[in-house]
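Undergrad: Before I ask anything, let me first share the structure, which is written out below as structure tokens.
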């Protein structure tokens, strides 16, 4: 194994971390968006300085749509609010790996709105009693953006990586985050597992769960670092670490728009990522921001917000906008959803619960090549 390592962040007790997050976010206006895992506390780019009586609204999000929110969506929403003569809003932004953000919110970071990578992280907040309403009852079942899991490669794809099996080849170094902190990592593992079960990998027969688990283990043996979140993995890739990265399509597209010269390949079979949002009812009620939080979540489903997501590489959920921007996003031969694997509860039980397939795959890497 080429060194399956966690990110080198120092461990922090969950409640202490949540308190720290809250304190950093309260320091609104002290700085801009930092590295992934830090808190973006300045007003959204392009937004006017908040008036003294402005209503404060806190967004707790996962790391990858940082630019979409900070540079496009929040400024567009504030512009709309001003045009409508609504009460001014000052946004406070927090970006962490999806699982870490969910734990922070549960631990006391009082976000009014949670925009995370995947359904189970929103469900953890609901199970903690902080979300009181049916967050999936609204438009698009609570989903505001989509992406797909892809493989990022170096310019020209010198290692000729085309499919999931290629990431298991000897000598290939791979990056993917840790499923215990990152929603993106869970999507990555689900993509490989699902593609194998569907018979779209070279060495695993259709419906062979053991073979799919073995493929995950073979890929994990080549993982160089298990980062805390998708953005940390991408930053390491940009620093020259590893031959390939398993990541969101939109992460690669944002990096390329900033001048990075890496490329990406779409395996013939991959999963459709569906990113949810929910108002954190208990905190919104405590802050007196429920109406504002509801209005902001509704705005995320509008064509204007959906076009902004698309500008930053995320696939829209609104059909007319998806059709409008379809040429920007390559087609996938076999695009499946989490529902093709059952549902998130079943996937959690089969793949990610203690002792399930992911733990078995990790165990298979222990002592291999170290």
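Numbering (this note's numbering), first residue to last: 1093 to 1462. From the three backbone atoms N, C-alpha and C, an ideal C-beta is built for every residue, glycine too.
1. Contact between the stretch 1202-1209 and the stretch 1362-1371: three or more CB pairs below 8 Å?
2. Can you list, in chain order, the residues of its chain whose CB lies under 7 Å from that of residue 1284, leaving out five sequence neighbours each side?
3. Is it a yes or a no for the stretch 1295-1302 touching the stretch 1339-1359, going by three-plus beta-carbon pairs under 8 Å?
4. Are there 16 or more other CB atoms within 10 angstroms of the CB of residue 1276, so buried, or fewer, so exposed?
5. For residue 1398, collect the residues of the same chain with a Cβ closer than 6 Å to its Cβ; drop the 5 residues on either side in sequence, then sort them by chain order.
6. Under the three-state reduction of DSSP, which class applies to residue 1276: helix, strand or coil?
7. Quick test of the definition: if touching needs 3 or more C-beta pairs under 8 Å, does the stretch 1194-1208 touch the stretch 1381-1400?
8. Would you tell me roughly how many angstroms separate the C-alpha atoms of residue 1236 and residue 1457, rounded to the nearest one?
9. Would you tell me roughly how many angstroms separate the C-alpha atoms of residue 1325 and residue 1354, rounded to the nearest one?
10. With DSSP as the reference, please indicate the residues paired to residue 1427 in a beta bridge.
11. Does the Cβ-Cβ distance between residue 1363 and residue 1282 come in under 8 Å?
12. Taking the alpha-carbon positions, what's the residue 1449 to residue 1305 distance?
13. Count the other CB atoms, across all protein chains shown, that sit within 10 Å of the CB of residue 1190; report buried if there are 16 or more and exposed otherwise.
14. Can you list, in chain order, the stretches of the alpha helix (DSSP H) that have 4 or more residues and sit fully within the stretch 1168-1249?
15. Quick one: residues in its chain with C-beta nearer than 7 Å to the C-beta of residue 1352, no 5 flanking neighbours on either side, listed in chain order?
16. Take the Cβ of residue 1405 as the centre, count every other Cβ of all protein chains shown within 10 Å, and call the residue buried at 16 or more, exposed below.
17. Between which two residues does the alpha helix (DSSP H) carrying residue 1375 extend?
18. With a CB to CB cut of under 8 Å and the five nearest residues on each side skipped, what residues in its chain are close to residue 1249?
19. Please report the distance separating the alpha-carbon of residue 1130 from that of residue 1148.
20. Are the CB atoms of residue 1224 and residue 1194 nearer to each other than 8 Å?
21. Under DSSP, the alpha helix (DSSP H) around residue 1163 begins and ends at which residues?
22. What's the C-alpha gap between residue 1396 and residue 1323?
23. What is the rounded straight-line gap between the Cα of residue 1138 and the Cα of residue 1170?
24. Quick one, are the C-beta atoms of residue 1342 and residue 1239 less than 8 Å apart?
25. For residue 1404, write down the residues that DSSP places opposite it in a beta bridge.
26. Just mark residue 1361 as buried or exposed, buried being the case when its beta carbon has 16 or more other beta carbons within 10 Å.
27. According to DSSP, simplified to helix, strand and coil, what is residue 1314?
28. In the DSSP output, what is residue 1148 paired with across the bridge?
29. Thinking C-beta only, is residue 1259 closer than 8 Å to residue 1333?
30. Can you say whether residue 1515 is buried or exposed, counting buried as having 16 or more other CB atoms within 10 angstroms of its CB?
31. Please classify residue 1265: does DSSP put it in a helix, a strand, or coil?
32. With a threshold of 16 other CB atoms inside 10 Å of the CB of residue 1339, please say whether the residue is buried or exposed.
33. Just to confirm, are residue 1439 and residue 1433 a CB contact at a threshold of 8 Å?
34. Determine the DSSP secondary structure at residue 1368, reduced to helix, strand or coil.
TA: Result, derived from the coordinates:
1. Flag = yes, the stretch 1202-1209 and the stretch 1362-1371 touch.
2. Your numbering for residue 1284 matches position 192 in the chain shown. Here the set comprises 1256, 1307, 1308 and 1311.
3. Contact between the stretch 1295-1302 and the stretch 1339-1359 is absent, because fewer than three Cβ pairs lie under 8 Å.
4. Position 184 of the chain shown, counting from 1, holds the residue named residue 1276. Looking at its Cβ environment, which holds 16 or more other Cβ atoms inside 10 Å, residue 1276 is buried.
5. Position 306 of the chain shown holds residue 1398. For residue 1398, the CB contacts under 6 Å within the same chain, skipping 5 residues up- and downstream, are 1408, 1410 and 1413 in chain order.
6. Here residue 1276 refers to the residue found at position 184 when the chain shown is read from its first residue. Three-state DSSP puts residue 1276 in a helix.
7. The stretch 1194-1208 is in contact with the stretch 1381-1400.
8. On the chain shown, position 144 is the one that residue 1236 refers to. On the chain shown, position 365 is the one that residue 1457 refers to. Approximately 36 Å, taken between the alpha carbons.
9. Against the chain shown, residue 1325 aligns to sequence position 233. Against the chain shown, residue 1354 aligns to sequence position 262. Answer to the nearest angstrom: the Cα atoms are 14 Å apart.
10. What you label residue 1427 is simply residue 335 of the chain shown in a count that begins at 1. Answer by DSSP bridge pairing, in chain order: 1362.
11. Reading the chain shown from its first residue, position 271 is the one you call residue 1363. Reading the chain shown from its first residue, position 190 is the one you call residue 1282. The criterion of a C-beta distance shorter than 8 Å is satisfied by residue 1363 and residue 1282.
12. The residue you call residue 1449 lines up with position 357 of the chain shown. The residue you call residue 1305 lines up with position 213 of the chain shown. A direct Cα-Cα distance of roughly 6 Å separates residue 1449 from residue 1305.
13. Translated into the one-based positions of the chain shown, residue 1190 becomes position 98. Result: buried.
14. Along the stretch 1168-1249, the alpha helix (DSSP H) occurs as fully enclosed runs of 4 or more residues at 1190-1199 and 1211-1219, listed in sequence order.
15. The count along the chain shown starts at 1 and reaches residue 1352 at position 260. Correct list, in chain order: 1330.
16. Here the question's residue 1405 lines up with position 313 in the chain shown. Its Cβ being crowded by 16 or more others within 10 Å, residue 1405 is buried.
17. Numbered from 1 along the chain shown, position 283 holds the residue referred to as residue 1375. Segment 1373-1379, the alpha helix (DSSP H) holding residue 1375.
18. Counting from one through the chain shown, the residue named residue 1249 turns up at place 157. Closer than 8 Å at the Cβ level, and outside the excluded window around residue 1249, lie 1355 and 1357.
19. Residue numbering aside, residue 1130 sits at position 38 when the chain shown is read from its first letter. Residue numbering aside, residue 1148 sits at position 56 when the chain shown is read from its first letter. For residue 1130, the pLDDT reaches just 42, beneath the cut-off of 50, and the residue's location in the model is therefore unreliable, leaving the point undetermined.
20. Position 132 of the chain shown, counting from 1, holds the residue named residue 1224. Position 102 of the chain shown, counting from 1, holds the residue named residue 1194. Contact flag unset, no.
21. Stepping through the chain shown from its first residue, residue 1163 is reached at position 71. Looking at the DSSP string, residue 1163 is not in any alpha helix (DSSP H), and its letter there is neither H nor E.
22. Here residue 1396 refers to the residue found at position 304 when the chain shown is read from its first residue. Here residue 1323 refers to the residue found at position 231 when the chain shown is read from its first residue. Taking the straight line from one Cα to the other gives about 25 Å.
23. Mapped onto the chain shown, residue 1138 falls at position 46. Mapped onto the chain shown, residue 1170 falls at position 78. Its pLDDT being 45, under 50, residue 1138 is placed unreliably by the model, and the measurement read from it follows with that caveat. Between residue 1138 and residue 1170, the alpha-carbon positions lie close to 9 Å from each other.
24. Along the chain shown, one-based indexing puts residue 1342 at 250. Along the chain shown, one-based indexing puts residue 1239 at 147. Yes, the Cβ-Cβ distance between residue 1342 and residue 1239 is below 8 Å.
25. As a position in the chain shown, residue 1404 is number 312, starting the count at 1. None; residue 1404 has no bridge partner.
26. Within the chain shown, the letter at position 269 stands for residue 1361. Buried: at least 16 other Cβ atoms inside 10 Å.
27. Translated into the one-based positions of the chain shown, residue 1314 becomes position 222. Shown here, residue 1314 sits in coil according to DSSP, grouped into three states, outside any helix or strand.
28. Translated into positions along the chain shown, residue 1148 becomes position 56. Residue pairing for residue 1148: DSSP places it in a beta bridge opposite 1182.
29. In the chain shown, counting from the first residue as 1, residue 1333 sits at position 241. In the chain shown, counting from the first residue as 1, residue 1259 sits at position 167. For residue 1333 and residue 1259, no; Cβs fall outside 8 Å.
30. The structure shown does not extend to residue 1515, since the chain is modelled only from 1093 to 1462, so the question has no answer here.
31. Along the chain shown, one-based indexing puts residue 1265 at 173. It is coil, neither helix nor strand.
32. Residue 1339 sits at position 247 when you count from the first residue of the chain shown. With 16 or more other Cβ atoms within 10 Å, it is buried.
33. Counting from one through the chain shown, the residue named residue 1439 turns up at place 347. Counting from one through the chain shown, the residue named residue 1433 turns up at place 341. Closer than 8 Å, so yes.
34. As a first step, residue 1368 is located in the chain shown; it is residue number 276 there, counting from the start. In this structure, residue 1368 counts as strand in the three-state DSSP scheme.
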